[in-house]
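Trainee: First residue of the sequence shown? That's 742 in our numbering, and the numbers climb one at a time after it. The beta-carbon is built from N, C-alpha and C at its ideal position, and this holds for glycine as well.
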Amino acid sequence: MSVRTDQYGNVLSTDSAKAAEAYSTGLYRLLAAQADVVAPFEEAIAHDPQFALAHVGLARALQTVNDAEATREAMATAKTLSDPCKMREQSHIHALDLLVSGKTADAYTAIRAHVSEYPRDAMVAQTCSSIFGLIGFSGQPGREAEMLAFNAALLPHYGKDDWWCQSQYAFALCETGNLKEADAYIDRSLALNPDNANGAHIRSHIWYEAGETKTGADYLTEWLKGYDRSAVMHGHLSWHVALWSLEQGDTAQMWQTVDADVAPGAALGLPINVLTDTASILFRAEIAGETVAPERWQQVSAYASRFYPKTSNAFIDMHAALAHAMAGKSEPLQVIIDHPVGPAADLVPDVALACRHIAAQDWAKAAHHLTHCMADHARIGGSRAQRDLLEHALLTCLLRQDRATEARQILALRRPVLAESVAWRNLTSAAV
Ligand SMILES: [Fe+2]
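Written as structure tokens, this is what we have:
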């Protein structure tokens, strides 16, 4: 009997060639953020119901479509089938079970140990490789450098022909400021697989960091034409397009994109993206001088209350706080101020209080609270582009207090790429 493997050479405990093939298709769709990611794992299970890793894959796929109950069920089934599995598979099941169960600290320890032993187990390595992963949301100081080190250590095991690993390394390079090298890696990755939505996303971030607005907007707008609306990255990629439309002064296009593909009720992606992307674009539009209808803030605040009635992590809570503050919803805002959770919980009350003061146009108090968070806001989570929300907020607070010189200096020191942003062009062109 021949040995079945996934596309990375990991041995799979199944006698069914069709089950192994379907599993590899599912893994590909997960890594490339493609649509219809659940079906291949269901197909693998249909071919071999005893195939434990297919149930784990199904659990991970179900997470991407936000089906928590089915995720737990799939993982529970995987555990009942783990006994006859090889050691690599048992370790795989154990590590991802901890992740799916929300035991993130234990999951991180288990996953790092697993990846050290089995670096080409991409299904497991993927949980630490990107911004929305265990390192990205670790809340730890230096987590951007840690993500770079993690991905750099994977590279020799995947080689120059692997589009996935190279794209992940490119993102880590981008977020630590090495744009030239990031450029080379993402170009090579996209040449190998132009359909990788994570690759298109990372390509967009590198152009954002380089201030290449038109190039980025043209590329991503075109790329999105071939991407399924139901796929996990569609809403967030549309946020990038909306942001670039705002930058180019095309607010009609920006609102059209928001209403069609970003906002609650339109986007089909995960709640974390729908909430954070919508709150972010509304705020960034407002500080760029655009009128934002109060109903829009009401809508995103209600969405936050529905999907995150309790505090969850600093990144989500920061955006929920902004939405509640701008919508005038003091009760859910107070919950975030009083009950921050997670490893970056210490930063949340100041951010949330800043949101409250921004909404009340008390710019001095808002700036005071924001200043407490600026030294290491990477701990909050999210990409640099997403955390520019805080940079824009502080600059706004300073300008509204007629502190233009200070704002100009902070902009030049912290985020010079934003100097050409539509919100600050006049600031930087004015004489000091
Ligand atoms: Fe992004």
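1) Select from TYR968, LEU920, THR917 the residue whose C-alpha is nearest the C-alpha of ASN939.
2) Alpha carbon to alpha carbon, how far is VAL1041 from GLY883?
3) Tell me the DSSP secondary structure of LEU961 in three-state form.
4) If I measure Cβ to Cβ from PRO781 and keep anything under 6 angstroms in the same chain, skipping five residues before and after, which residues do I get?
5) Here's the rule I'm using: 16 or more other beta-carbon atoms within 10 Å means buried, otherwise exposed. How should GLY843 be labelled?
6) Mapping DSSP to helix, strand and coil, what is LEU1063?
7) From the DSSP secondary-structure annotation, give me the bridge partner or partners of THR1208.
8) What's the gap between the Cα of MET974 and the Cα of VAL1015?
9) With H, G and I counted as helix, E and B as strand and the rest as coil, what does DSSP make of ARG1155?
10) Is it the case that the CB of ALA1119 approaches a heavy atom of ligand 1 more closely than 7 angstroms?
11) Straight-line CA distance for ALA793 to MET816?
12) Name the residue from PRO1035, TYR749, TRP985 whose alpha carbon lies nearest to the alpha carbon of SER1162.
13) Check whether the region 1130 to 1144 and the region 1104 to 1116 touch, using three or more Cβ-Cβ pairs below 8 angstroms as the test.
14) When the Cα atoms are used, what is the spatial distance from TYR849 to MET864?
15) My output table needs one value for PRO1012: the three-state DSSP class, helix, strand or coil.
16) To the nearest angstrom, report how far apart GLU918 and GLU885 are at their CA atoms.
17) Are the beta-carbon atoms of GLU830 and SER754 separated by less than 8 angstroms?
18) When a residue counts only if its C-beta is closer than 6 angstroms to some heavy atom of ligand 1, which residues count, in chain order?
19) Please report how far the alpha carbon of HIS977 lies from the alpha carbon of CYS915, in whole angstroms.
20) With H, G and I counted as helix, E and B as strand and the rest as coil, what does DSSP make of GLY767?
21) Helix, strand or coil for HIS1113 per DSSP?
22) I need the straight-line Cα distance from GLN748 to HIS835, nearest angstrom please.
23) How big is the Cα-Cα spacing for ALA761 and TYR926?
24) Starting from ARG1037, trace the alpha helix (DSSP H) in both directions and tell me its first and last residue.
25) Give the single residue among GLU1027, ILE1078, MET1059, LEU1063 whose Cα lies nearest to the Cα of ALA1164.
26) If I measure Cβ to Cβ from ASP924 and keep anything under 7 angstroms in the same chain, skipping five residues before and after, which residues do I get?
27) As a quick exercise: from LEU933, LEU1135, SER1124, pick the residue whose alpha carbon is nearest that of ILE943.
28) Under 8 angstroms, with one C-beta from each stretch per pair, do the region 946 to 966 and the region 896 to 909 reach the 3-pair mark?
29) If you reduce the DSSP assignment to three classes, tell me which class LEU822 lands in.
30) Check whether the Cβ atoms of ARG1025 and LEU987 sit closer than 8 angstroms, and answer yes or no.
31) Just to confirm before moving on: does the CB-CB distance between ALA1061 and ALA1085 stay below 8 angstroms?
32) Helix, strand or coil: which one does DSSP assign to TYR859?
33) What span of residues does the alpha helix (DSSP H) with ASP1079 cover, start to end?
Mentor: On the basis of the supplied data:
1) TYR968
2) 31 angstroms
3) LEU961: helix per DSSP, three-state reduction.
4) ALA763, THR766, GLY767
5) exposed
6) Reduced to three states, the DSSP call for LEU1063 is helix.
7) The question about residue 1208 has no answer here: the residues shown for the chain are numbered 742 through 1173.
8) The alpha-carbon atoms of MET974 and VAL1015 are separated by roughly 11 angstroms.
9) Here ARG1155 sits in helix by DSSP.
10) no
11) 9 angstroms
12) TRP985
13) yes
14) 14 angstroms
15) helix
16) Rather than Glu, the amino acid found at residue 918 in this sequence is Gly. In a straight line, the C-alpha of GLY918 is about 10 angstroms away from that of GLU885.
17) yes
18) HIS942, HIS946, HIS977, HIS981, SER1124, ALA1126
19) 18 angstroms
20) It is helical.
21) coil
22) 21 angstroms
23) 30 angstroms
24) 1035 to 1048
25) GLU1027
26) ILE947
27) SER1124
28) no
29) coil
30) Going by C-beta atoms, ARG1025 is nearer than 8 angstroms to LEU987.
31) no
32) coil
33) 1071 to 1079
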